[in-house]
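Mind the numbering: the sequence shown is residues -24 to -1, 1 to 125 in mature numbering (1 follows the signal peptide of the UniProt record, and there is no 0), read in order. All C-beta atoms, glycine included, are put in the ideal place defined by N, C-alpha and C. Data block below; observations after.
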Amino acid sequence: MNKNVFGGLVLGAVSLLLSTQALAEEEWPMYGADYWDVTAVDVKDGGSWKYMNWLSDEWRKNSEFAKSKGWIKDYVILSNVHARKGEPDLYIIRIIESVPSGAEGEKRQKEYAAWSKKSEQAMVDESGNRAEYREVQGSSLLQVLKFRK
């Protein structure tokens, strides 16, 4: 074999090896992990006692059920201690590993309704009744980013 051809093949193989190694080293430095489903809530004047009792009882039972099913990993409520005008008083957070598909979401809703022994209409009515002492200002779906190294 011609020395020039052989040298060219060796050089090409070494270049390919080095470029593959360089690509592996350029891996994105972070990766996506759990999702935080965050609901921002403004508690109306005089509504704190009633809403905190509902969160401590009904909402916590619902969240524990979802956790027992593996639908959520955890949940937490954060208080906005120094809320400025227009900012929410509370952030209600449910931590999930992934967002369920539409079909999975429907399956979970049916299972939840059977567990809670409430109709869809009853659940909608109850949510509307809470408008008397709280207002949902919005929601966000945030994803935790973890360092790769």
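- A distance below 8 angstroms separates the beta carbons of I72 and I48.
- The region 13 to 68 is shown to contain whole beta strand (DSSP E) runs of 3 or more residues at 50 to 55, in chain order.
- DSSP places R124 outside both helix and strand once states are collapsed to three, so it counts as coil.
- Our two residues, K61 and A9, have alpha carbons roughly 33 angstroms apart in a direct line.
- For R84, the enclosing alpha helix (DSSP H) starts and ends at G78 to S92.
- Counting along the chain, the unbroken alpha helix (DSSP H) around E102 starts and ends at E96 to N105.
- A residue is called buried when at least 16 other Cβ atoms come within 10 angstroms of its Cβ; R70 meets this threshold and is buried.
- Rounded to whole angstroms, the separation of the alpha carbons of E63 and S39 is 25 angstroms.
- Here E111 has D18 as same chain residues with Cβ atoms under 6 angstroms from its own Cβ, once five neighbours each way along the sequence are excluded.
- Look at E2 here: in three-state DSSP terms it is coil, with no helix or strand label.
- From the listed residues I53, R124, L118 and F41, the smallest Cα separation to W12 is found for L118.
- G46 and E34 have their C-alpha atoms spaced approximately 19 angstroms apart.
- Under the three-state reduction of DSSP, E111 is assigned to strand.
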